[in-house]
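Residue numbers for the sequence shown follow my numbering, so the first one is 34 and each next one is one higher.
Idealized CB from N, CA, C, for every residue including glycine.
Since we're looking at a predicted model, the values are computed, not measured.
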Amino acid sequence: MTKREIAKRYILFIIGLFFLALGVAFTKHGELGVSPISSVSNVLSCKFDMLSLGAWLTIWNCAMILGQIIILRKKFKLIQMLQLPLSFLFGWFTDLGMMIVSPIPLPNYTVQLIIVVVGIIILSFGISLTFIANVIMNSDEAFVKAISDTINKEFGNIKVGFDIWRFCGNNH
């Protein structure tokens, strides 16, 4: 793969990251719950509101990177450290997304539901772009992959369990 192709893939990944963050902002703004990707950070931002949702997402993602390093030890690849600046970018994009959606009025449940559905669609689009880019995993997914590789269990099963734990255990 050429350097130009790699650069294009990272640009696509960053665009996908923006849409992921915007989707998180829409679902949060709809006030009907959030996706598993942001559930822990959402609770922290509600309980400890001195930091924004984006800041808590950055902290959570950094914790996921640290978790990968602890789990994988010598198997942790240096390229995975790119997750660190991308985590900060994701947090910043999330706060930007919150500013973008905050003026949208929520006069009733129907509008809230529409906002959440729009958020899910945007979030899905962002996930698709990051997978198409195929350069690096989000720290969340990379953490789950570290667990699945270490215990020799299928990634999909571990990911679903992790998402259920985060969503049910932390969403309010």
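Residue from 67, 51, 38, 50 whose Cα sits closest to the Cα of residue 149: 67
Please work out which residues of its chain come closer than 6 Å, Cβ to Cβ, to residue 204, disregarding the five sequence neighbours upstream and downstream, and give them in chain order. Residue placement at residue 204 is flagged as unreliable, the pLDDT there being 48, under the threshold of 50; a coordinate-derived value is accordingly withheld.
According to DSSP, is residue 186 part of a helix, a strand, or is it coil? Annotated three-state conformation of residue 186 is coil, per DSSP.
Evaluate residue 82 with the Cβ neighbour count: other Cβ atoms within 10 Å of its Cβ, from every protein chain shown; 16 or more gives buried, anything less gives exposed. exposed
Can you tell me whether residue 61 is buried or exposed? The criterion is at least 16 other CB atoms within 10 Å of its CB, across all chains shown. buried
DSSP state of residue 76, grouped into three classes? helix
Within the same chain, show all residues whose beta-carbon is closer than 7 Å to that of residue 127, passing over the 5 residues directly before and after it, in chain order. 54, 57, 58, 86, 87, 90
Report all residues from its chain with a CB closer than 6 Å to the CB of residue 75; omit the five preceding and five following residues, and keep chain order. 67
Is the separation between the beta-carbon of residue 179 and that of residue 92 shorter than 8 Å? no
Can you tell me which of the three DSSP states residue 195 falls into? It is helical.
Within its chain, find whatever has a CB closer than 6 Å to the CB of residue 158; leave out the 5 residues flanking it on each side and keep chain order. Closer than 6 Å at the Cβ level, and outside the excluded window around residue 158, lie 52.
Cβ atoms of residue 119 and residue 50: under 8 Å apart, would you say? yes
Candidates 99, 122, 192: which alpha carbon is nearest residue 111's? Ranking 99, 122, 192 by Cα distance to residue 111 puts 99 first.
In whole angstroms, give me the CA-to-CA distance for residue 181 and residue 145. 36 Å
Can the beta-carbon of residue 37 be found less than 8 Å from the beta-carbon of residue 167? Going by beta carbons, residue 37 and residue 167 fall outside the 8 Å limit.
Span of the alpha helix (DSSP H) around residue 37: 36 to 62
Can you check whether the CB of residue 154 is closer than 8 Å to the CB of residue 46? no
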